[in-house]
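Notes to accompany the following structure.
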Amino acid sequence: MMMRIVFCGTPSFAVPTLKHLLAQPDIEIISAITQPDRPRGRGRDVSFSAVKETALAAQLTVHQPEKIRAAETEALLQKLAPDCVVIIAYGQIIPARLLPIPKLGWINLHASLLPRYRGAAPINWAIVNGETRTGVTTMRIDAGMDTGEMLLQREIEIGTEETAPELAARLSEIGAPLMVETLRGLAAGTIVPQAQNHAEASYAPMLKKEDGRIDWKRPAKEIYSRTRGFAPWPGAYTTFRGQTCHVWGEPASKGESAGLPSGVGGSAPGTLSGEKNGLFVCCGDATVLCVSAVKLEGRKLVTAADFANGARLKSGERFGDS
19 MMMRIVFCGT PSFAVPTLKH LLAQPDIEII SAITQPDRPR GRGRDVSFSA VKETALAAQL
79 TVHQPEKIRA AETEALLQKL APDCVVIIAY GQIIPARLLP IPKLGWINLH ASLLPRYRGA
139 APINWAIVNG ETRTGVTTMR IDAGMDTGEM LLQREIEIGT EETAPELAAR LSEIGAPLMV
199 ETLRGLAAGT IVPQAQNHAE ASYAPMLKKE DGRIDWKRPA KEIYSRTRGF APWPGAYTTF
259 RGQTCHVWGE PASKGESAGL PSGVGGSAPG TLSGEKNGLF VCCGDATVLC VSAVKLEGRK
319 LVTAADFANG ARLKSGERFG DS
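Using my numbering, you'd call the opening residue of the sequence shown number 19 and step up by one each time.
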């Protein structure tokens with residue numbers, strides 16, 4: 019029996035699932051809902067969402083309500099009468115009155131192993147917090163923030179050097195077949211929804227620019243996790259001679275640390291050391307960050323060596339001194 023679904027989503031994270039659903043002979047996508055076209059980039063040119071581009075290429079009907087809670091959206095869903103709404107990173111909260119319309123509910127693909135990392139930025143915060151494993155969860159959404167019943171999960175390791183965009187790409191790919199498996203299981207009645215243990219919940223709030231400001235009192239390993247987790251925005255940034263600058267690097271190995279001038283590992287957090295074998299920053303717990311690249315505000319990205327040579331570092335000079 020053909021399952022009729024409405025697909026609701028916006029960014030590239032949702033696209034692998036949309037494409038996978040389109041390829042299934044027993045699933046019909048009767049419409050797509052995505053965010054309105056928005057100005058993006060430096061030129062502020064109006065562009066389509068990744069989901070809209072994919073949906074139009076597949077000749078789907080696309081709806082872009084300014085507010086999904088509007089009465090027109092409710093009337094549309096009532097008319098379409100889908101078996102299910104698949105929703106992935108749509109970007110608006112679904113009002114409770116819309117939840118009962120599809121027979122099987124609104125089924126979400128969430129980028130964490132719920133109940134951990136509920137909220138808007140689960141991939142980023144998992145990396146920032148030093149997690150070694152994460153995954154995706156399919157769930158039936160309810161009126162809460164990622165509090166609905168869990169359906170299926172898949173777990174993967176987080177690479178030791180993996181950035182948020184890289185991890186998001188992998189999670190989106192494993193989520194696509196998991197969604198199809200979930201829909202078929204719900205239709206067949208073989209999936210038993212499981213309530214979340216709210217006592218085990220943790221949260222992943224929307225990112226703010228201030229989250230990217232480097233606190234050099236943190237150990238180098240934590241700072242490295244933040245550079246990976248906050249890529250591409252807000253990034254990891256500090257100040258240098260009153261200017262904002264973004265910094266990339268990783269914890270110095272014991273061998274590298276041993277080659278630094280005596281005492282640099284115990285200097286004040288943020289203290290810079292420009293050596294012929296690299297640029298190093300003293301961090302908390304007497305750890306050291308080996309800087310690979312720096313981008314001063316309004317300038318091009320440069321290697322750490324070029325930055326150190328151009329800056330003519332003074333003894334005791336620090337990142338974070340504005």
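C-beta: ideal position from N, C-alpha, C; glycine also.
Among the options, the one whose alpha carbon lies nearest that of residue i
i: Ile47; options: Thr72, Pro54, Leu189, Asp63; result: Thr72
i: Ala41; options: Ala88, Val154, Pro195, Thr52; result: Pro195
i: Thr181; options: Gln214, Glu268, Glu167; result: Glu268
i: Gly123; options: Arg134, Asn142, Met157; result: Met157
i: Thr256; options: Gln214, Val299, Thr165, Ala270; result: Val299
i: Glu84; options: Asp55, Ile241, Lys313, Tyr242; result: Asp55
i: Gly166; options: Ser190, Glu173, His128; result: His128
i: Lys121; options: Arg246, Leu204, Lys37; result: Leu204
i: Thr152; options: Arg188, Lys70, Ala322, Pro250; result: Arg188
i: Arg336; options: Pro183, Lys70, Thr289; result: Thr289
i: Gln171; options: Ile209, Glu179, Pro183; result: Ile209
i: Ser49; options: Asp339, Ala75, Arg58; result: Ala75
i: Ala107; options: Thr91, Arg115, Pro140; result: Pro140
i: Val306; options: Leu331, Phe258, Ser243, Lys239; result: Lys239
i: Met224; options: Gln110, His38, Gly207; result: Gln110
i: Arg246; options: Gly230, Pro287, Phe325; result: Gly230
i: Asn142; options: Val33, Ala326, Phe248; result: Phe248
i: Pro34; options: Pro43, Gly334, Val69; result: Val69
i: His38; options: Pro57, Arg134, Thr200, Ser130; result: Thr200
Length of the line joining the Cα atoms of residue i and residue j
i: Lys227; j: Ala138; result: 15 Å
i: Ala254; j: His264; result: 6 Å
i: Arg317; j: Ile241; result: 23 Å
i: Leu314; j: Thr262; result: 6 Å
i: Ala219; j: Met163; result: 11 Å
i: Asp101; j: Met20; result: 10 Å
i: Ala16; j: Gln96; result: Because the chain in this structure spans residues 19 to 340, residue 16 falls outside the shown range and cannot be described.
i: Cys308; j: Glu175; result: 25 Å
i: Gly148; j: Gln77; result: 42 Å
i: Ser190; j: Gly292; result: 40 Å
i: Thr150; j: Ile232; result: 22 Å
i: Leu319; j: Leu132; result: 38 Å
i: Leu169; j: Thr178; result: 29 Å
i: Val80; j: Ser271; result: 52 Å
i: Val146; j: Ala217; result: 22 Å
i: Asn215; j: Thr321; result: 47 Å
i: Gly328; j: Gly296; result: 14 Å
i: Thr304; j: Ser285; result: Here residue 304 is Ala; the residue named in the question, Thr, does not match the sequence. C-alpha separation (whole angstroms): 8 Å.
i: Ala4; j: Leu36; result: In the structure as shown, the chain begins at 19 and stops at 340. Residue 4 is therefore absent and cannot be evaluated.
i: Asp324; j: Phe258; result: 15 Å
i: Leu116; j: Gly27; result: 16 Å
i: Gly334; j: Glu173; result: 45 Å
i: Ala326; j: Ser243; result: 23 Å
i: Gln212; j: Ser130; result: 16 Å
i: Thr91; j: Arg134; result: 31 Å
i: Pro29; j: Asp63; result: 17 Å
Three-state secondary structure (DSSP) of residue i
i: Asp343; result: For residue 343 there is no data in the structure shown, the boundaries of the chain being 19 and 340.
i: Trp251; result: coil
i: Met197; result: helix
i: Phe31; result: helix
i: Val210; result: coil
i: Arg259; result: coil
i: Ser333; result: coil
i: Leu127; result: strand
i: Phe325; result: helix
i: Arg236; result: coil
i: Tyr221; result: strand
i: Lys313; result: strand
i: Leu307; result: strand
i: Ser243; result: helix
i: Leu40; result: helix
i: Gly281; result: Interpretation of Gly281 is limited by its pLDDT of 48, a score under 50 that renders its predicted location unreliable; the figure taken from the coordinates is listed afterwards. The answer is coil: DSSP assigns Gly281 none of H, G, I, E or B.
Proximity below 9 Å, CB of residue i to CB of residue j
i: Val198; j: Ile51; result: no
i: Phe31; j: Val103; result: no
i: Ala222; j: Leu185; result: no
i: Ser67; j: Gln53; result: yes
i: Arg22; j: Ala99; result: yes
i: Ile119; j: Ile159; result: no
i: Arg87; j: Pro113; result: yes
i: Ile125; j: Val154; result: no
i: Arg236; j: Gly302; result: yes
i: Trp251; j: Val312; result: no
i: Pro387; j: Trp234; result: Since the first residue of the chain shown is 19 and the last is 340, residue 387 is not available in this structure.
- Output the residue ranges of the alpha helix (DSSP H) runs that lie fully inside the stretch 133-211 and measure 4 residues or longer, sorted by chain position. Complete alpha helix (DSSP H) runs here, min 4: 140-146, 182-206.
What are the uninterrupted segments assigned as beta strand (DSSP E) that are 3 or more residues long and contained completely in the stretch 47-123, given in chain order?
Within the stretch 47-123, the beta strand (DSSP E) runs of at least 3 residues that lie entirely inside it are, in chain order, 56-58, 63-65, 102-106.
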